[in-house]
Structures are given as C-alpha cells and as structure tokens.
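Let me begin by presenting the structure, written as structure tokens, before commenting on it.
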Amino acid sequence: MEELELIVMSVTQEMDAALKHQEHAFQKIRAGRASTAMVQDVMVEYYGAMTPIAQVANVMVPDAMTISIQPWDKTAIGAIEKAIINSNLGFAPSNNGENIILNVPPLTEERRKDLAKQAKAECEQTKITIRNARQEGMKDLKKLDGIAEDLIKNVEADIQVLTDKYSKKAEENLKLKEEDILKV
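Per numbering that gives the first Met the number 0, residue 0 is the first one in the sequence shown, and the count goes up by one each step.
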C-alpha cells in the first residue's frame, strides 16, 4: 500500500516540476513590458568565472520600457555589456559609465505571434513531460508484486486524473500567457 502512495507522490512531484519549469520559461517570454526576468539567465564572465548577472549587478526596472543594470564593480560594465549582446535577447545596451540601460522596444505584431508560438511550444513540452511522468508511474506499478489488481487499477485511474489535471493547468497557463503577449 505504501509503495502505491510513493508512486503517486513521485508522479505528482514530477508533474509539479513540469509546471514550475513552464512558469519559469514563460517569465522569459516578454510581453512588451520590461522585467528583470528577461536578463536573469544572462551569464557574465567575471574574474574568469561565468556568473549570473544578478550576482554582479543590481538589476532594476525603472519604468515599463527600461531595464537598468548597475554593476557593483564598475570594471564589470564591459563584461556585462558583452554578455547581453551575446545572449541574443535583442537588446542594444547603452552605458553611461555607471549603469547599463536596456530599452525594451515595443513588440511588432509579427514578433507577438512568434512569441505566442514560442509559448505554445513550451506548453507542448510541458505536456510531454507530464505524460512521461504518467508513463513512468504506470511502469513502476507494473513492477510491483503481491498487490491486488483492483488496487493497481485504482492507482492507474488516480494517475490518469492527475495527468488530465496537470495538462489542463498547462493549457490554462498558455492561454493566460498568449493573452498577455497578444494584448497591445
């Protein structure tokens, strides 16, 4: 009995992780407003080590269309600028010797559609991960010995209910993100 609960718990954790990953990926897909999440994964070469931008600078959003990056060490400005350019985020950094300013251009209709496609692809990947978690759970159930068949059938049904619930949540997240992206 305890084995069955562990399998369901494991499947639930994997599905939770898939949704968390989707939410993190959606934060990176900009919807026309500046956000610190847009640059959070930029890695800066700082004293020979690749370091996340948040560990070498203060990243702020002074208004809806601007990201301001203030390095704690002024000698890092060049490395931060280079990292932003190499990250292919589509920003042209400007620096005044103290700060790096990123102006977030307004999105074109075509770019909005591309971002919506990107969000849809991320949702599909999330649903694949959810289905894989279900498949692993079902395999684990088949490996169990000495457990009544009706109990196994009940747990299989529970895992399917979880799969449907998490897939629906992934779709709801996508719908909200698409509305956010396509809103002018």
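Just so you know, even glycine gets a beta-carbon here, dropped at the ideal spot from N, CA and C. Treat the numbers as computed from the prediction; the structure is a model and nothing was measured.
Neighbour-count burial assignment, residue i, 16 or more Cβ in a 10 Å radius
i: residue 87; result: exposed
i: residue 76; result: buried
i: residue 21; result: buried
i: residue 172; result: buried
i: residue 167; result: exposed
Best match in the options for proximity to residue i [C-alpha to C-alpha]
i: residue 37; options: 45, 43, 46, 26; result: 26
i: residue 108; options: 174, 180, 137; result: 180
i: residue 105; options: 140, 65, 70, 74; result: 65
i: residue 17; options: 182, 62, 124, 145; result: 124
i: residue 6; options: 176, 49, 135, 112; result: 135
i: residue 73; options: 112, 45, 126; result: 45
Cβ pair residue i, residue j closer than 8 Å
i: residue 68; j: residue 82; result: no
i: residue 10; j: residue 156; result: no
i: residue 170; j: residue 122; result: yes
Spatial distance of residue i from residue j (CA atoms)
i: residue 89; j: residue 129; result: 32 Å
i: residue 147; j: residue 141; result: 12 Å
i: residue 15; j: residue 160; result: 14 Å
i: residue 71; j: residue 32; result: 25 Å
i: residue 53; j: residue 39; result: 7 Å
i: residue 237; j: residue 48; result: Past the edges of the chain, shown from 0 to 183, lies residue 237, and the structure says nothing about it.
i: residue 150; j: residue 127; result: 26 Å
i: residue 162; j: residue 19; result: 15 Å
i: residue 1; j: residue 62; result: 53 Å
i: residue 95; j: residue 78; result: 14 Å
i: residue 103; j: residue 8; result: 42 Å
Cβ shell of residue i (< 6 Å), same chain only, five flanking positions each side left out
i: residue 92; result: 80, 83, 99, 101
i: residue 3; result: 154
i: residue 13; result: 132
Cβ shell of residue i (< 7 Å), same chain only, five flanking positions each side left out
i: residue 50; result: 42, 43
i: residue 115; result: 177, 180, 181
i: residue 137; result: 155, 158
Residues near residue i in its chain [Cβ-Cβ closer than 8 Å; skip 5 each side]
i: residue 28; result: 114, 117, 118, 121, 176, 180
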